[in-house]
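Visitor:
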Amino acid sequence: MSIVFRDDDQLVDPAVSCDRCAAVCCRLTVVLMPDEVQPAHLVDVDHRGLDVMRRSADGWCAALDREHMRCGIYETRPSICRKFAMGGAYCRDERKTHARNPAPLPVKPAA
Ligand code: SF4
Ligand code: SF4
106 MSIVFRDDDQ LVDPAVSCDR CAAVCCRLTV VLMPDEVQPA HLVDVDHRGL DVMRRSADGW
166 CAALDREHMR CGIYETRPSI CRKFAMGGAY CRDERKTHAR NPAPLPVKPA A
């Protein structure tokens, strides 16, 4: 599923925090804008011919820092990730979807 922004996404639930979330939004398809460049090993081309962030076999974005369950390229993350509002409607929807049908959490890298 790709990210689609909605009118009600500006209504934010302040109780929601990424610190207490399994980064479930990082399982969504992230389309890169034409002027966005990411390292080749983090990029795939989807069935529409669009550059997207690669997702690993576990379903999470290949750029996820699996030890801390947060973006591993935070400073240079794609624009669509920058627009994704913590606690916004789409975030809340993804959290509900994951709560109903939780995906197995990624295996953390060996210490
Ligand atoms: S933006 Fe929402 S879904 Fe994504 S990590 Fe933060 S709380 Fe979780
Ligand atoms: S680039 Fe970062 S914020 Fe965006 S989906 Fe991947 S891990 Fe999540």
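Under this note's numbering, think of the first position of the sequence shown as 106, with each following residue one higher. Yeah, the Cβ is synthetic: ideal placement off N, Cα and C, and Gly gets one too.
1) Quick one, what's near ligand 1 if you take every residue whose CB is closer than 6 Å to any heavy atom, in chain order?
2) With DSSP run on the structure shown, which of helix, strand or coil describes R175?
3) Since E180 contacts V129 with CB under 8 Å, what's their CB separation in whole angstroms?
4) Please classify R72 as buried or exposed, where buried requires at least 16 neighbouring CB atoms within 10 angstroms.
5) Would you identify the three-state DSSP class for R160, choosing helix, strand or coil?
6) For L169, count neighbouring Cβ atoms within 10 angstroms of its own Cβ and tell me buried if that reaches 16, exposed if not.
7) By Cβ distance below 6 Å, which residues in the same chain neighbour L137 in space, the five residues on each side in sequence not counted?
8) Please confirm whether A167 and H152 have their CB atoms less than 9 Å apart.
9) From what residue to what residue does the alpha helix (DSSP H) around D198 run?
10) Between L116, T134, K201, P211, which has its C-alpha nearest H173's C-alpha?
11) First and last residue of the alpha helix (DSSP H) that includes R187?
Guide: Reading it off the structure:
1) Cβ atoms closer than 6 Å to ligand 1 belong to V121, C123, C126, A128, V129, C130, F189, M191, C196, E199, R200.
2) In the displayed model, R175 falls within a strand according to three-state DSSP.
3) About 22 Å separates the two Cβ atoms, so there is no contact after all.
4) Outside the displayed span of the chain (106 to 216) sits residue 72, for which this structure offers no information.
5) Note: R160 maps to strand in three-state DSSP.
6) By the neighbour-count rule (16 or more Cβ atoms within 10 Å), L169 is buried.
7) D156, P183.
8) No, Cβ-Cβ distance for A167 and H152 is not below 9 Å.
9) Unbroken alpha helix (DSSP H) run through D198: 194 to 205.
10) It is P211 whose Cα lies nearest to the Cα of H173.
11) Looking at the DSSP string, the run of the alpha helix (DSSP H) that includes R187 is 184 to 188.
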